[in-house]
Every structure is written in structure tokens, then in C-alpha cells.
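As C-alpha cells, the structure follows; a few thoughts come after it.
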Amino acid sequence: MMKKRKVVHITTVHHPLDPRIYYKQCQSLQKAGYDVTLIAPNGEEVIGASDIRIQSLQKRSRRLKRMLLSTFEAYRKAKKLQADVYTIHDPELIPVAWLLKKKSNVVIYDIHEDYETSILQKDYLPKPVQKVFAKAYRLMESFFLRKLELCLAEKYYQEKYERGICLLNYPILDQGAIQAERKTNEASDELIYTGNLSETRGALTQARIPLFHPDVTIRFYGKCAKGLAEQMYVEAKGKQEHIIIEGIERYVPKDEIDQAYLEKQWLAGIALFPYDPHYMRKELTKFFEYMSHGLPILCSDFPVWKAFVDKHQCGIAVDPHDQKAVYDAIEYLRTNREEARKMGENGRQAVVNELNWEKEEERLVAWYHKLIPSHQ
Numbered sequence: 001m002m003k004k005r006k007v008v009h010i011t012t013v014h015h016p017l018d019p020r021i022y023y024k025q026c027q028s029l030q031k032a033g034y035d036v037t038l039i040a041p042n043g044e045e046v047i048g049a050s051d052i053r054i055q056s057l058q059k060r061s062r063r064l065k066r067m068l069l070s071t072f073e074a075y076r077k078a079k080k081l082q083a084d085v086y087t088i089h090d091p092e093l094i095p096v097a098w099l100l101k102k103k104s105n106v107v108i109y110d111i112h113e114d115y116e117t118s119i120l121q122k123d124y125l126p127k128p129v130q131k132v133f134a135k136a137y138r139l140m141e142s143f144f145l146r147k148l149e150l151c152l153a154e155k156y157y158q159e160k161y162e163r164g165i166c167l168l169n170y171p172i173l174d175q176g177a178i179q180a181e182r183k184t185n186e187a188s189d190e191l192i193y194t195g196n197l198s199e200t201r202g203a204l205t206q207a208r209i210p211l212f213h214p215d216v217t218i219r220f221y222g223k224c225a226k227g228l229a230e231q232m233y234v235e236a237k238g239k240q241e242h243i244i245i246e247g248i249e250r251y252v253p254k255d256e257i258d259q260a261y262l263e264k265q266w267l268a269g270i271a272l273f274p275y276d277p278h279y280m281r282k283e284l285t286k287f288f289e290y291m292s293h294g295l296p297i298l299c300s301d302f303p304v305w306k307a308f309v310d311k312h313q314c315g316i317a318v319d320p321h322d323q324k325a326v327y328d329a330i331e332y333l334r335t336n337r338e339e340a341r342k343m344g345e346n347g348r349q350a351v352v353n354e355l356n357w358e359k360e361e362e363r364l365v366a367w368y369h370k371l372i373p374s375h376q
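Residue numbers (the UniProt record's numbering): 1 to 376.
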């Protein structure tokens with residue numbers, strides 16, 4: 001019997017149960033017969049409940065300590081494992097990937113974000129410093145990535161990384177959600193937002209909605225800094241009871257979010273982000289999750305986002321800064337429940353037929369078999 005090929009995924013930033021890393025890539029590869037280990041911060045939180053072998057890194061809250069000490073700790077642990085394939089998930093691990101690369105192994109950089117653009121959006125850095133850091137990052141990438149395989153979470157990343165392989169963040173099919181029906185007589189006036197919260201992800205924009213549409217409530221499921229949550233309550237100006245934030249200073253795991261989707265007939269899933277170059281070309285993971293649960297999408301009218309919801313006829317795209325447009329879109333969904341149900345069903349069918357992780361999983365496993373031809 002052939003020995004299982006050893007695969008190691010490494011992150012110093014993400015939670016050990018990060019959906020893309022843990023539930024999609026690690027579990028898919030283990031199911032395909034690989035010996036999978038995940039190196040991640042605070043791994044001891046999930047070791048007992050995990051079916052993936054996890055090696056824990058010390059959690060370091062300060063960015064500089066994490067980039068130096070956690071990176072070195074991750075390298076030492078990864079090197080000892082002598083894996084056939086290593087996958088890194090954070091830009092600060094690029095030098096580690098370069099050090100791990102040997103003639104006898106494969107090292108993959110899984111690119112979750114457009115990090116160069118992201119650096120240019122860091123408000124805590126002066127504009128000249130942003131440009132210097134972005135250029136330095138681009139130069140570092142061009143040097144270190146030559147020996148690495150590239151995995152891309154977004155289609156448009158291929159414009160920059162032509163040789164990269166796209167493995168998109170489509171949802172894992174949830175049979176319970178697929179079989180559930182949206183019953184118009186049970187529909188609520190509540191909106192749901194899932195995913196981490198930040199100003200650029202529309203936290204403050206969305207917190208203002210109850211001011212001009214007092215009939216709706218918004219529930220946010222995702223990690224939110226305490227200071228940002230306090231800002232959101234200030235923005236709500238007396239309508240604080242209409243915004244419920246479930247992830248203040250804590251990571252909200254996937255199973256909790258999945259349960260939230262099933263708890264009620266949400267009016268829509270929202271993604272009303274302010275205009276920002278970092279997000280304008282992304283197809284957000286939350287879009288596919290909303291669709292898989294039969295929810296219409298209410299999102300910003302970025303050209304890519306509008307084209308997406310128009311193509312699949314699964315939602316409404318509006319100017320996030322136009323309160324009347326947002327109000328009208330919400331009111332349309334409230335007063336046209338059957339049309340809202342059709343939007344949700346259109347999205348659900350698109351996920352079932354095309355936009356699901358099961359199809360991406362096939363591509364992931366086929367890619368690994370190609371990278372390691374002797375694996376059976």
C-alpha cells in the first residue's frame with residue numbers, strides 16, 4: 001500500500017477553522033487520501049473537535065510580533081514535517097515558503113486577497129508610505145514567488161498572476177439549506193450580514209439603515225472590534241436595538257453562521273460596502289452563501305457586483321450612499337415577497353448547478369494529483 005502523501009497548510013493570521021483553509025481545502029484533501037496537517041494560531045481551541053491534525057501557534061495580537069515570532073515558529077514546525085506539499089495562506093509567510101521549497105516538494109501560495117491594493121487602502125498609513133510599502137511588497141513577491149505554485153481565490157487575480165490556478169470561494173453545498181423552502185408568510189423584516197466587519201466592509205454604512213428605514217433590523221454575524229461596534233451604535237442614533245452584532249471581539253465559527261441562516265426567513269443578505277478599489281472587483285464569498293440559503297442579495301452597485309446579481313437575477317444592487325435608493329430596495333423586497341422568493345431561488349439554483357465548492361474540490365484534487373504524479 002502506497003504511503004499517504006503529506007500536505008501541510010500554514011497560516012499565522014487566520015482562525016484554524018477558517019472556511020477556505022479548514023473546511024474547503026484541508027477537509028477536501030484529507031477526503032481525497034492525503035495526510036493533512038494545519039499549522040495555525042490558537043489551534044488548541046479546536047484540536048479536540050477537529051478531524052484534521054492541527055499544530056498550534058502561539059496567538060500574538062501585535063502585528064510586528066506575529067510577523068516575526070509567529071512566522072519563525074511556523075517555519076520550524078513546518079520544516080520538521082517534511083511535507084510533499086506546503087500551502088501558505090498569508091503574505092508574511094512568503095519568505096517561509098521560499099525557505100521550505102526544495103526540489104523534492106511543492107510549495108503553494110494561496111492568494112486570498114489583492115494585497116498590493118489592500119496596502120494602498122490602509123488609512124493608518126500616510127499616502128506616501130502606502131505607496132512605498134505597496135511597491136516593496138510587489139518587489140518582494142516578484143522575487144520570492146518564482147519557485148512557488150499560485151492558487152487564486154478570485155478570477156480577476158489572474159490579470160496579475162497569469163500562471164495561477166483559480167480555486168474560487170464557492171460554498172459547500174448544505175443539503176438542509178438546499179431543501180429548505182422560503183415561505184412568504186413566515187418572511188421577516190430582518191436583514192443578515194455575515195463575515196468580518198470593518199468600515200471598508202460597510203459596517204458604518206449598514207448601521208445607519210434603521211435611521212431611514214425603522215421597520216427593519218440587521219443582524220451582523222462576524223468578528224467586530226469593540227471600538228467599531230461602539231461606532232456602529234453611535235451611527236444608529238437611538239435605533240441601536242435594530243442592529244444586533246453577534247461577534248464583538250470574537251471569531252464567529254462557520255457552524256454558528258450556518259445555523260443563523262436557518263433560524264428565520266431573512267428578508268435579504270446584505271453587502272452595502274462604500275466605494276473602495278479593494279472590493280469593487282471581488283465576487284464576495286457571502287454572495288454565494290446568501291444564494292445557497294435562498295436569500296436575495298442587497299449589495300452596492302459596483303459594476304462587477306451589479307453584473308453578477310443581474311446575471312443570476314438574484315438580488316438588487318444600489319448606490320450604498322443613496323439612502324432613498326437603499327430604502328426603496330428594502331421596501332421593494334418587503335412588499336414583493338414572491339419576487340424576493342424568486343430572487344432567492346434563482347441564486348440557490350445557480351449555486352446548486354454551478355457555483356459550489358464540490359466542483360472546485362474536483363479541480364483542487366486534480367491539481368494536486370498533477371503536482372504529485374505518483375499519488376494514487
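We treat Cβ as the ideally placed atom computed from N, Cα and C, and that holds for glycine.
Between T117 and Q55, the alpha-carbon positions lie close to 31 angstroms from each other.
Taken in chain order, the whole beta strand (DSSP E) runs of length 3 or more contained in the region 272 to 321 are 297 to 300 and 315 to 318. With fewer than 16 other Cβ atoms from the protein chains shown falling within 10 Å of its own Cβ, F72 counts as exposed.
Counting only the Cα atoms, E190 lies some 10 angstroms from I330. Residue burial is scored here from C-beta neighbours: P128 has fewer than 16 other C-beta atoms within 10 angstroms and is therefore classed as exposed. K239 places its beta carbon 7 angstroms or farther from that of L197.
The region 338 to 348 and the region 290 to 297 touch, with no fewer than 3 CB-CB distances between them shorter than 8 angstroms.
Ranked by Cα distance from I172, the first of L272, Y22, K324 and R5 is Y22.
With 16 or more other Cβ atoms from the protein chains shown falling within 10 Å of its own Cβ, V36 counts as buried.
Sorting D258, I209, Y261 and P253 by C-alpha distance to the C-alpha of K237 places I209 at the top.
Around the beta carbon of A74, 16 or more other beta carbons sit within 10 angstroms, so the residue counts as buried.
Relative to L333, the option among Y193, A187 and Q82 whose CA is nearest is A187.
Counting only runs of at least 4 residues, the region 73 to 153 fully encloses the following alpha helix (DSSP H) elements, listed from N- to C-terminal order: 94 to 100, 115 to 119 and 127 to 144. The residue among P320, K370, R341 and G43 with its C-alpha nearest the C-alpha of D276 is P320.
Taking Q313 as the centre and dropping the five residues before and after it, the same chain places the C-beta of M343 and N346 closer than 7 angstroms to its C-beta, in chain order. For Y233, the enclosing alpha helix (DSSP H) covers residues K226 to A236.
Where I330 is concerned, the enclosing alpha helix (DSSP H) starts and stops at Q323 to T335.
Within the same chain, A317, V318 and D319 come within 6 angstroms of D301 by CB-CB distance, once the 5 residues on both sides are set aside. Of all alpha-carbon atoms in V216, A78 and G247, the one lying nearest the alpha-carbon of A229 is that of G247. When DSSP reads this structure, E190 sits in a beta bridge with T217.
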